[in-house]
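Undergrad:
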Amino acid sequence: MTESRSKVLKRCPFCGTRKPVMLWSGGSQVYYVFCTNCRAKGGWSKSREDAAELWNARVWK
Numbered sequence: 001m002t003e004s005r006s007k008v009l010k011r012c013p014f015c016g017t018r019k020p021v022m023l024w025s026g027g028s029q030v031y032y033v034f035c036t037n038c039r040a041k042g043g044w045s046k047s048r049e050d051a052a053e054l055w056n057a058r059v060w061k
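If you count the sequence shown from 1, position 11 lands on 11 in full-length UniProt numbering, and the numbers rise without skipping.
Structural data, given as structure tokens:
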């Protein structure tokens with residue numbers, strides 16, 4: 001997994017941290033947002049943009 005920070009991500013809806021990160025799961029070839037504080041995960045997507053939209057919309061698949 002690789003990690004990159006994004007300024008467009010909203011705070012975590014569970015703990016309120018401002019430090020969610022975008023992760024890439026190379027084996028599954030998907031992106032998802034991960035909260036570095038409470039370990040919440042957003043929905044998985046083939047694109048960074050869609051994964052960010054899922055996180056910001058609070059949609060988990």
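Here a beta-carbon is modelled for each residue, glycine too, at the ideal position from N, C-alpha and C.
Since we're looking at a predicted model, the values are computed, not measured.
Based on the DSSP output, what are the partners of residue 35 in its beta bridges?
TA: 20, per the DSSP bridge assignment.
Undergrad: Which whole-angstrom value is the C-beta distance of residue 9 and residue 55, which I expect to be below 8 Å?
TA: Contact holds; Cβ gap of about 6 Å.
Undergrad: Which word fits residue 38, buried or exposed, when buried means at least 16 other C-beta atoms lie within 10 angstroms of its C-beta?
TA: Residue 38 comes out exposed.
Undergrad: Is it the case that the Cβ atoms of residue 33 and residue 41 are separated by a distance below 9 Å?
TA: Yes, Cβ-Cβ distance for residue 33 and residue 41 is below 9 Å.
Undergrad: Identify which residue in 19, 47, 48 and 26 has its Cα closest to the Cα of residue 35.
TA: Among 19, 47, 48 and 26, the Cα nearest to that of residue 35 is on 19.
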